[in-house]
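Right, one structure below, let's go through it.
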Amino acid sequence: SEDAETAVRALQNHPQGSEACIIGEVLEEPEGMVFLRTALGGHRVLDMLVGDPLPRIC
Numbered sequence: 022s023e024d025a026e027t028a029v030r031a032l033q034n035h036p037q038g039s040e041a042c043i044i045g046e047v048l049e050e051p052e053g054m055v056f057l058r059t060a061l062g063g064h065r066v067l068d069m070l071v072g073d074p075l076p077r078i079c
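Under the working numbering, think of the first position of the sequence shown as 22, with each following residue one higher.
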């Protein structure tokens, strides 16, 4: 989306964000699922963290 690309450009303008990129997308359906694009162009579901007390920081 345009908002995502704007956010990535802002991150890329920061010295520590030069390699920032979009790795997936959040869709309305199915609710609560995140899909990642693979290196080969496929998609896979990003699983919920189990037993890890720290949040995933991307």
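We put the beta carbon where it would ideally sit given N, CA and C, even for glycine.
Small disclaimer: the values here were computed from a predicted structure and weren't measured.
Proximity below 9 Å, CB of residue i to CB of residue j
i: LEU57; j: LEU67; result: yes
Distance between residue j and residue i (C-alpha atoms, nearest Å)
i: VAL55; j: GLN33; result: 23 Å
i: MET119; j: GLU26; result: Beyond the ends of the chain as shown, which are 22 and 79, falls residue 119; an answer cannot be given.
i: THR59; j: ILE43; result: 12 Å
i: LEU61; j: GLY45; result: 14 Å
Residue i - partner residues in DSSP beta bridges
i: GLU46; result: PHE56
i: VAL66; result: PHE56
Segment limits, alpha helix (DSSP H) that includes residue i
i: VAL29; result: 23 to 33
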